[in-house]
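Working notes, beginning with the structure itself.
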Amino acid sequence: MLSLTLLSIPLAASLLLLFTRGGLSRNLALVFTLVQLGVTAYAYTVFNAAGAAPFDFLRNWSAKPFLNVHFSMDGISMLMIILSNLLLPLIVLSGYNRNIERPHIFYSLMLFMQFALNGVFIAFDGFIYYIFWELALIPIYFISFNWGGENRAQVTLKFFIYTLAGSLLMLFGFLFLYNGSPAHSLDWMSLKSNPSCSCNQSWLFWLFFIAFAIKIPIVPFHTWQPDTYKAAPTQGTMLLSGIMLKMGTYSLIRWLIPIVPAGFAEWQPLVISISVAGIVYASIIAIMQRDLKRLFAYSSIAHVGLISAGIFAMNLSGMQGSLVQMFSHGINVVGLFLCADIIFNRTQNPNVEGIGGIRLVAPQFATWFMVVVLASVALPLTNGFVGEFMLLFGVYQYNTWLSFFAGLTVILGAVYMLRMYQKVVLGKPMMENMVFPDLYWNEKLVLITIAVLIFVLGVYPSPIIELTEPVLKTLTK
Amino acid sequence: MNTAIEQANPQNWYLLLSTVLFSIGVMGVLMRRNALIILMCVELMLNSVNLLLVSFSAYAGNTDGQVFVFFIMVVAAAEVAVGLALLVSIYRNIGTTDIDVLSKLKW
Amino acid sequence: MDNFLALTNLIQPASLLALFPLLGFFVTALFGKSLKHAAGWIASGMILISFSISLYLFLNLPGEASLNFNLFDWIKWGSVNLSFGILIDHLSLIMLLVVTGIGFLIHIYSIGYMHHDEGFTRFFSYLNLFIFFMLVLVMANSYLVMFIGWEGVGLCSYLLIGFWFKNDAYNDAAKKAFIMNRIGDLGFLMGMFLMLFHFGGLDYTTVNTAAQALPMGNELIVSITLFLFIGAMGKSAQLPLYTWLPDAMAGPTPVSALIHAATMVTAGIYMIARSNILYAMAPFTMEVVMWVGVATSIFAAIIGMKQNDIKKVLAYSTVSQLGLMFAALGMGAFASGMFHVVTHAFFKALLFLGAGSVIHAMGGAQDIRQMGGLAKYIKITWFTFLIATLAISGIFPFAGFFSKDEILAVAFASHKEVWILLSVSSMITAFYMFRLFFLTFNTSFRGTEEQKHHLHESPITMTLPLSILAVFAALAGFWGMPAVFGQTHFFATYLAPVFEGSKQYLGEAHEASHDTEWMLMGIATVAAIISIAVAYALYISKKWLPETDEETTGLAKWVANKFYIDELYDAIIVKPLLVISDIFFVLIDKLILDLIVMATAWIVGFTGRTIRLVQTGNAGFYIFAMVIGMMVLMFFQLVY
């Protein structure tokens, strides 16, 4: 029943917020996300003590077609739930000093998003999973559309239709599996135990993979992403990059591998090469990006490229690394986009090359920004390193050369991040009359929390690994 | 001297009649330009079908067809009400019910 | 049993050793504002504590034992367990003493040197962080933990080179250092993957045991060692990854002394010495290491002859000396290489600190063409600088003489051609060091009146470290007296247990006879003295002055411009990368990939736009179409 609690709190909060106004909305939103975080912490202890049983929820929805409402939990789900419910208070808090119009709708949509994301991560029936998967798209569409920046209508429409088109392929996949399976069920267990005939799997793979690849996004399905990240309001970008793209990588592990194992094995060499090429490609593009948010978007593409390469390496190191990195990347990317937002909010200048000299006026900001940058270039003792090391080793176990090319991210990441940092933060101010107040309390709180998480997970990543290892061992066998 | 139709089934007369009625309706809908008359022709078509249903109902000896007739009559009544209301409204605004003039809903 | 007890007693101090600088970092970083200049003393105090602990360990580590323990499991998955562990043995102890000892002196020196800088506390927090990472590097018991320190010192180097962040040239230098190091780090990472995959672990014990099960010269070991050596090339500024080190002189001078001369840049040598078994098993790699070292040594020495910035000269001499150390390692003389690391740390730190004192006196100027005759204004600096210059030139009995001579002797015994090249490099070193020395301290002052007025000796916090280092630069060589003097080689004996494992692979060491050794020493000394005499003749007797930049022509111009290597890298790597980045973005991303997506959308839109023309708005036509449609359907129904 804990599953329902996890779902109902954000949903109820989302509805409740519609009836509030002004400052109350954001305060309530923060309170509810914190309550949800508390429940998550409790759920974590329950999960550690009693396993999945307290989370299992299975009811028949309709007899024909045979559909179940099935929620459950395993280590991977738990990790993703922790990630999303940990990030949401931070995301809400980061917008505290921003002037958001109609805050009640804004925060209501955010909590609705949280509801949908939680649903995606604990759904164990294909149909329910698909519903939540699509549900998550709706609030983020409205958030980007209503509160976004320049060119938002066109960009959000593109994003919406692109991802929707991908999801449609997945729906076809599910329908085929439903009709094809003898049990006529989309339940995860039954899909896993009766995989469809390998003759079909080789194309079924693509139906699912493209849906996930668009969401992640893996090059060459990424073109919606930089524009959307730029156009969406920062909180929306954080949701997208911090949590929503993890839906894709999560689904690779949760759905793609168990239900089309033969297709997965068949296309593994191709897809892993694409992912690795995507890392290098996106890293190189990031070097010359003039727009800060777009630069981070490309760096994010490079990072998730490595994550998917690790998953497709299909060994324990790669998988485990991908989970660690999904968690770390979620934290780091929220930090990065917060920093981008702070800069844009104060200077109104998106151009990397036109700012400079921030360190002189805002040393605290410069310091925390540096910490996040270092985590994202994977310096040892930050969370980024643990994941990257395991991922690269996973890819190495698959193929030496691929790991070398994937490893170029170590160099290129340093190149684009340090170039950016130097141009934006160091040097002399390029803008006249730049007013750049140092961090406000809420920004400082968020950045310090992120920094603490960065170092704690960098020095002591074991909880993540221990949480997910039993599941992965059954998967990689 | 019985025609082939008579010999086969008295039902055929009903068939013939409703076909004729239906065709008149169709032709009316196609040929006439006045929306009011088109509406009436649609009614005619519906009623021709009603006739057929009733006759088959009698032929088969159960009431299924008649139940449908009631449905159709209710729907037709509602449709006429809405349709006429629309027409009145259109006539008040535009001053005509000629469907060749009423071609604003294009592209 | 006694050993065991003694070792367990050392666990606690060893675990705490690195934490004091870290504590210092946090204190100075968080409370810097309120501490003001006290931060310098707190930071120095932390290093002093670490130094005392190192000394305590040095004195109490029983016999040939080593202390190896794990603190906690860091990354552990599947069958892989990468722990955070500490190894204290004779090799790490030597490095610990050097790092904390010289580190402490440089901290003290910095209190004087950085006194007027607005970033005073920030400087000390970075320095403390650096010492922390350096200690982690040295004390690690596995390659992964070493890598923490390895990257960590790279980070601190980045932060400290770009310490004056308002200047974009400095920031560029910092960024360059970090990225060049990262290139090496990728090699290091690949080496680690190979080891982890084939040996199942990354701690030295596991790796060495597993490696020794393989045949010598095995392909696997050769690739591992080559990859690790790429890492060392980056960190220790060897060809072709050396260009960051001269640029790194943008940092404050104490940083150049500590990081870019005495400690961090020797990490590569330490790493190879630490992996001596692996390297000894890979003769091919040894050959590579040796030749890279020799080439770097000569190459950097040649560039050093034409540099006019006091710190640049020292930077190239550092690169050159590092090359010498790698050459020693490549010939299997691990102990000699380490010995040179230690003596070099003393005299090169002293040279840099002396240069800092000169710059301090000159009010920031670094060009030796504007100096001259400083000896009478800054006596202590002059005297200590002289000692260091003699030491680096290899004059008896200063420290450099013994360590350099040892390497040359090894080279003479095994590779005559290397011996010749290294001797040439040493001669050049002696020449340009005395060129630097004479131009700075002798003849008459060439700067402006204002500068002349400003000339003064540095405060005690700066001169005291100079004097202490001078003592070591003069005397440290006696730890490694060659056999001909009838003394035991303390240093080599002390390190012997560390290099025990590699002996069997290196074959018989060519012991040079005493007569040969006397001869070699004689040749080296005579060569150095000739170089010095030439420098004296040119720059004192003839009062030559280096020409201005515009006057430099021909070959000299090539040398003065460092053979245009930086420009070469810029043209073949940096620029193309930037262009490719733009091409990828504009051409592939925007034009091709996005075009496919947008074209799909356009096709849908176009179809819609075309088909909607059917909607004429004529109700009669719609009905007609409907009826026709129904008839067609009925027809099909009838036919099929």
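Protein chains in written order, with numbering that gives the first Met the number 0: chain A, 0 to 476; chain B, 0 to 106; chain C, 0 to 639.
Don't be surprised by glycine CBs; every beta carbon is placed ideally from N, CA and C.
Keep in mind the model is a prediction, meaning the values are calculated, not measured.
For residue 414/C, the secondary structure class from DSSP, reduced to helix, strand or coil, is coil.
For the C-beta of residue 99/B, the chain C residues within less than 9 Å are, from N- to C-terminus, 617, 618, 619. Excluding the 5 residues flanking it on each side, residue 158/A has same chain C-beta neighbours closer than 6 Å at 223, 227, in chain order.
The residues 34, 38, 41, 42, 120, 123, 124, 127, in chain order, have a CB closer than 7 Å to that of residue 27/C in the same chain once the five nearest residues on each side in sequence are set aside. In the DSSP secondary-structure assignment, residue 347/C is not bridged to any residue.
Secondary structure note for residue 85/C: its beta strand (DSSP E) is the uninterrupted segment 79 to 87.
Nearest neighbour of residue 67/B by Cα position, chosen from 52/B, 60/B, 79/B, turns out to be 52/B. Per the DSSP secondary-structure output, residue 58/A pairs in a beta bridge with 68/A.
Below the 7 Å Cβ cutoff, chain B contributes no neighbours of residue 636/C, its closest Cβ being approximately 16 Å away.
For residue 75/C, the enclosing beta strand (DSSP E) covers residues 66 to 76. Following the DSSP letters along the chain, one finds residue 399/A inside the alpha helix (DSSP H) bounded by residues 399 to 423. In terms of Cα proximity to residue 280/A, the closest of 125/A, 440/A, 303/A is 303/A.
Secondary structure note for residue 547/C: it is in no alpha helix (DSSP H), with a DSSP letter that is neither H nor E. Assigned with DSSP and collapsed to three states, residue 290/A falls in strand. Taking a contact to require three or more Cβ pairs closer than 8 Å, the segment 102 to 121 of chain C and the segment 212 to 229 of chain C do not qualify as touching. Residue range 197 to 214 is occupied by the alpha helix (DSSP H) that includes residue 198/A.
In this structure, the CA atom of residue 267/A is about 25 Å from the CA atom of residue 329/A. Residue-level contact by beta carbon fails for residue 605/C and chain B, as no gap is shorter than 8 Å. For the set 167/C, 77/C, 94/C, the Cα lying nearest the Cα of residue 474/A is the one of 77/C.
Nearest in C-alpha terms to residue 117/C, of all of 162/C, 440/C, 565/C, 605/C, is 162/C. Taking all protein chains shown into account, residue 2/C has fewer than 16 neighbouring C-beta atoms within 10 Å of its C-beta and is therefore exposed. Beta-carbon to beta-carbon, residue 97/C and residue 17/C are separated by about 15 Å, too far to satisfy the 8 Å threshold. In the DSSP assignment, residue 628/C falls within the unbroken alpha helix (DSSP H) covering 618 to 638. Only residues of its own chain outside the window of five on either side were considered, and among them 319 have a CB closer than 7 Å to the CB of residue 468/A, listed in chain order. For the C-beta of residue 316/A, the chain C residues within less than 8 Å are, from N- to C-terminus, 76, 77, 79. Look at residue 150/A here: in three-state DSSP terms it is coil, with no helix or strand label. Identification of chain A residues near residue 188/C by a Cβ-Cβ cut-off of 8 Å yields 388, 391, 406, 409, ordered along the chain. The Cβ-Cβ distance between residue 288/A and residue 174/C does not fall below 8 Å.
Rounded to whole angstroms, the gap between the alpha carbons of residue 182/C and residue 143/C is 17 Å. Using a Cβ-Cβ cut-off of 8 Å, residue 623/C is close to 29 of chain B, given in chain order. Residue 139/C is bridged by DSSP to 85/C. Within the DSSP secondary-structure output, residue 8/C pairs in no beta bridge. The beta-carbon distance between residue 353/C and residue 317/C, rounded to whole angstroms, is 14 Å. This is too long to meet the 8 Å contact definition. For the C-beta of residue 102/B, the chain C residues within less than 8 Å are, from N- to C-terminus, 615, 616, 617, 618. Residue 472/C and residue 456/A have their alpha carbons spaced roughly 44 Å apart.
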